[in-house]
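Asks: In our numbering, the protein residues as written are 1 to 349. From the three backbone atoms N, C-alpha and C, an ideal C-beta is built for every residue, glycine too.
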């Protein structure tokens, strides 16, 4: 069916319980979507020949304290560094008993909790001009395993309930530094979106006996498939060219990832980012790893499943979206998947 002749549809996301309106009549052809502003900025001011960016090799002393690096015994030849965020959203020094310091108003439902938590930065390369998609699959695997190691460390903190790994690529996607990096936030509470996702997946499992991500229908939505992962346009895509990378094996927590699967994930993530970049004119994007709360019980394991969401910043959110939580997407995911499937990468396909 030609895109121009499609009728609008209202679809429901069976993983996040969100509604989306697919309305192609509101926009141009899907193949014409391009980012208006490229995300990469490789300029790095220098002083006396030395790069000024604190994330560049040689400027480690300008950063907040380091947590670890890969390789562990490296000096100036490190590949990835994990450091504390210099401007954290939460305080790791606020070692308080949240039960004693929490405040709740039963009559209004309002509540507050001490702002304890962890906010870290993962510097993905020592070279300013190298971005995540520029790394080899093995290089991306090192970044992915850095997430795993840091999550495992944070699991030892009893009061931490949820960990969000995310990457803002490009200024309009929220990146304050052009040097390629991602962030990890560890929270003492489970965010509402994660809680809703858990409840929705539980309901699906109760009704069908299946995990909603294990049984996802990839017909016409498949972009690429590797040994352990699938790259798709989700059935109820909230945003134009939104892409998910889903483990083909059942796994509740991201930090269960092993080295073999990390290398495989590095390959499909690189390919997916390259396809999005080539097709959409190197768009700013947000990448999020949606994992399960740390302390789920064994009965929750059959229906909880982690995945990666990539959202190119191609559109803006308006009053309707903010007022209803229902997004209008001008690109049918079947069209987005077909376009991305057919993107030919230089020396790749």
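Mind checking whether residue 122 and residue 146 have CB atoms under 7 Å apart?
Replies: Taking the chain shown and counting its residues from 1, the one referred to as residue 122 is at position 122. Taking the chain shown and counting its residues from 1, the one referred to as residue 146 is at position 146. Yes.
Asks: For the alpha helix (DSSP H) containing residue 86, list its first residue and its last residue.
Replies: On the chain shown, residue 86 is found 86 positions in, with the first residue counted as 1. Per DSSP, residue 86 belongs to no alpha helix (DSSP H) and is neither H nor E.
Asks: Could you check the C-alpha separation between residue 164 and residue 326 for me, to the nearest Å?
Replies: As a position in the chain shown, residue 164 is number 164, starting the count at 1. As a position in the chain shown, residue 326 is number 326, starting the count at 1. About 23 Å.
Asks: Does residue 24 come out as helix, strand or coil in the three-state DSSP assignment?
Replies: In the chain shown, the residue the question calls residue 24 occupies position 24. Reduced to three states, the DSSP call for residue 24 is helix.
Asks: Would you list the residues sitting across from residue 363 in a DSSP beta bridge?
Replies: With the chain covering 1 to 349 only, the question about residue 363 has no answer from this structure.
Asks: Helix, strand or coil for residue 277? Go by DSSP, reduced to three states.
Replies: The residue given as residue 277 occupies position 277 in the chain shown. Helix at residue 277.
Asks: Mind checking residue 176: buried by the 16 CB within 10 Å criterion, or exposed?
Replies: Reading the chain shown from its first residue, position 176 is the one you call residue 176. For residue 176, the number of other beta carbons within 10 angstroms of its own is below 16, and it is reported as exposed.
Asks: Let me confirm a value: residue 68 is counted as buried when at least 16 other C-beta atoms fall within 10 Å, else exposed. Which label applies?
Replies: Counting from 1 along the chain shown, the entry for residue 68 is found at position 68. Counting Cβ neighbours within 10 Å, residue 68 comes out exposed, since fewer than 16 surround it.
Asks: Please state the DSSP three-state secondary structure of residue 120.
Replies: Position 120 of the chain shown holds residue 120. Looking at residue 120 - three-state DSSP - the assignment turns out to be strand.
Asks: Let me check understanding here. Comparing Cα to Cα, which of 172, 225, 339, 186 lies closest to residue 284?
Replies: What you label residue 284 is simply residue 284 of the chain shown in a count that begins at 1. The option with the nearest alpha carbon to residue 284 is 172.
Asks: Taking the alpha-carbon positions, what's the residue 328 to residue 318 distance?
Replies: Start at 1 with the first residue of the chain shown, and residue 328 comes out as number 328. Start at 1 with the first residue of the chain shown, and residue 318 comes out as number 318. About 9 Å.
Asks: Determine the burial state of residue 224: buried for a count of at least 16 other Cβ atoms within 10 Å of its Cβ, exposed for fewer.
Replies: As a working mapping, residue 224 is identified with position 224 in the chain shown. Its Cβ being crowded by 16 or more others within 10 Å, residue 224 is buried.
Asks: So, helix, strand or coil for residue 199, using DSSP?
Replies: To locate residue 199, count along the chain shown from 1; it is residue 199. DSSP places residue 199 in helix when its eight states are reduced to three.
Asks: Can you give the beta carbon distance from residue 302 to residue 205, rounded, assuming they're within the 8 Å contact cut?
Replies: Here residue 302 refers to the residue found at position 302 of the chain shown. Here residue 205 refers to the residue found at position 205 of the chain shown. Contact flag correct, Cβ pair sits at about 6 Å.
Asks: Using the C-alpha atoms, what's the distance from residue 133 back to residue 269?
Replies: Position 269 of the chain shown holds residue 269. Position 133 of the chain shown holds residue 133. C-alpha separation (whole angstroms): 8 Å.
Asks: I'd like to know whether the C-beta atoms of residue 254 and residue 291 end up nearer to each other than 7 Å.
Replies: Counting from one through the chain shown, the residue named residue 254 turns up at place 254. Counting from one through the chain shown, the residue named residue 291 turns up at place 291. In this structure, residue 291 lies closer than 7 Å to residue 254 by Cβ.
Asks: Taking buried to mean at least 16 other C-beta atoms within 10 Å of its own C-beta, is residue 322 buried or exposed?
Replies: Locating residue 322 in the chain shown gives position 322, counting from the first residue. Exposed: under 16 other Cβ atoms inside 10 Å.
Asks: Using only CA atoms, which one of 304, 314, 55, 140 lies nearest to residue 178?
Replies: The sequence position of residue 178 within the chain shown is 178, counting from 1. Checking every option, the nearest Cα to that of residue 178 belongs to 55.
Asks: What span of residues does the alpha helix (DSSP H) with residue 142 cover, start to end?
Replies: Here the question's residue 142 lines up with position 142 in the chain shown. From DSSP, the alpha helix (DSSP H) with residue 142 extends over 137–155.
Asks: Within the same chain, show all residues whose beta-carbon is closer than 8 Å to that of residue 239, passing over the 5 residues directly before and after it, in chain order.
Replies: By one-based count along the chain shown, residue 239 stands at place 239. Residues 311, 312, 314, 315, 327, 329 of the same chain have their beta carbon placed closer than 8 Å to that of residue 239, with the five preceding and five following residues left out of the count.
Asks: Looking at residue 155 and residue 257, is the spacing between their C-beta atoms short of 7 Å?
Replies: Translated into positions along the chain shown, residue 257 becomes position 257. Translated into positions along the chain shown, residue 155 becomes position 155. No, the pair does not count as a contact, with Cβ atoms beyond the cut-off.
Asks: Quick check on residue 110: does DSSP put it in helix, strand or coil?
Replies: One-based indexing of the chain shown puts residue 110 at position 110. Strand, per DSSP.
Asks: Exposed or buried, which one is residue 61 when buried takes at least 16 other CB atoms within 10 Å?
Replies: Your numbering for residue 61 matches position 61 in the chain shown. Classification of residue 61: exposed, given that the 10 Å Cβ count is below 16.
Asks: Measuring straight from C-alpha to C-alpha, what distance separates residue 119 and residue 252?
Replies: On the chain shown, position 119 is the one that residue 119 refers to. On the chain shown, position 252 is the one that residue 252 refers to. Cα-Cα distance, rounded: 23 Å.
Asks: Go ahead and pull the three-state DSSP assignment for residue 17.
Replies: Taking the first residue of the chain shown as position 1, residue 17 is located at position 17. Coil, per DSSP.
Asks: Under the three-state reduction of DSSP, which class applies to residue 341: helix, strand or coil?
Replies: For this step, residue 341 is matched to residue 341 along the chain shown. Three-state result, residue 341: helix.
Asks: Kindly indicate which residue of 336, 76, 347, 88 has the alpha-carbon position closest to the one of residue 279.
Replies: To locate residue 279, count along the chain shown from 1; it is residue 279. Nearest C-alpha to residue 279: 336.
Asks: Leaving out the 5 sequence neighbours to the left and right, which residues in its chain are closer than 8 Å to residue 98 when beta-carbon positions are compared?
Replies: By 1-based counting over the chain shown, the position of residue 98 is 98. Note on residue 98: pLDDT 48, under 50, position unreliable in the model; the coordinate value appears next. So the qualifying residues of the chain are 113, 114, 116, 159, 188.
Asks: Do you know how far the Cα of residue 229 is from the Cα of residue 59?
Replies: Your numbering for residue 59 matches position 59 in the chain shown. Your numbering for residue 229 matches position 229 in the chain shown. When rounded, the distance between both Cα atoms is 36 Å.
Asks: Give me the Cβ distance between residue 12 and residue 19, rounded to the nearest whole Å; I'm assuming they're in contact under 8 Å.
Replies: The sequence position of residue 12 within the chain shown is 12, counting from 1. The sequence position of residue 19 within the chain shown is 19, counting from 1. Indeed, because the Cβ distance is near 6 Å, the residues count as touching under 8 Å.
Asks: Return yes when the Cβ of residue 184 is within less than 7 Å of the Cβ of residue 150, no when it is not.
Replies: As a position in the chain shown, residue 150 is number 150, starting the count at 1. As a position in the chain shown, residue 184 is number 184, starting the count at 1. Result yes, Cβ atoms of residue 150 and residue 184 sit closer than 7 Å.
Asks: Between residue 226 and the rest of its own chain, which residues show a CB-CB distance below 7 Å, the 5 nearest in sequence each way excluded?
Replies: Taking the chain shown and counting its residues from 1, one reaches residue 226 at position 226. If we look at residue 226 and ignore the five residues flanking it on each side, its Cβ neighbours are 264, 267, 268.
Asks: With DSSP as the reference, identify every bridge partner of residue 11, one or two as the case may be.
Replies: Reading the chain shown from its first residue, position 11 is the one you call residue 11. Paired residues: 20.
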